[in-house]
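What follows is a short report on a single structure.
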Amino acid sequence: MSNAKVLPLIEPDDRGVAPCCPPLTERPMTAEEAETAARMFKALGDPVRLRLFSSVASHEGGEACVCDISDVGVSQPTVSHHLKKLKEAGLLSSERRGTWVYYRVEPSVLAAMGKLLTTPAAAG
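Shown next, in the form of structure tokens:
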């Protein structure tokens with residue numbers, strides 16, 4: 013039995029950016045913001061997960077069939093495990109079509125992660 017907490021896919025705000033966390037240089041994170049960011053980065057802390065995430069994000073059309081991205085040097089059950097972890101962290105969503113599952117990275121998730129690590133431009 014797993015005690016893993018499945019996070020909902022992060023919904024974008026009116027600017028199209030998912031609410032995660034402010035840029036690290038803006039202010040200290042709240043405990044909740046740190047939990048959210050840590051789950052995302054922990055999920056990406058594994059090289060196989062990072063490769064899978066990158067494969068989905070860079071795939072033509074913004075989504076990929078598991079059959080197209082599973083060549084990452086591990087067995088199919090291990091690929092499924094890693095994809096599950098990425099979904100639990102709110103980084104991927106999926107849809108079953110017949111016998112295949114298609115994964116996608118929501119653009120708002122990438123925007124939120126980028127915003128977190130962005131340094132504000134210097135005022136000129």
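Counting from 1, position 35 in the sequence shown corresponds to residue 47 in this note's numbering; the numbering is continuous, with no gaps. For every residue, glycine included, the Cβ atom is placed at its ideal position computed from N, Cα and C. Bear in mind that the values here come from a model prediction, so they are computed numbers and not experimental data.
Of the residues P40, E45, G73 and V117, the one placed nearest R61, counting alpha carbons only: V117
May I ask you to report which of helix, strand or coil DSSP gives R108? strand
Quick check on A101: does DSSP put it in helix, strand or coil? coil
Would the beta-carbon of Y114 fall within 7 Å of that of E75? yes
Taking contact to mean at least 3 C-beta pairs separated by less than 8 Å, is the segment 51-60 in contact with the segment 94-105? yes
Boundaries of the beta strand (DSSP E) in which C77 is found, first to last residue: E75 to C77
8 Å Cβ shell around T90 - same chain, five flanking residues per side excluded: V60
How would you call H93, buried or exposed, if buried means at least 16 neighbouring beta carbons within 10 angstroms? exposed
In the structure shown, what three-state DSSP assignment does V60 receive? helix
How big is the Cα-Cα spacing for E38 and G110? 46 Å
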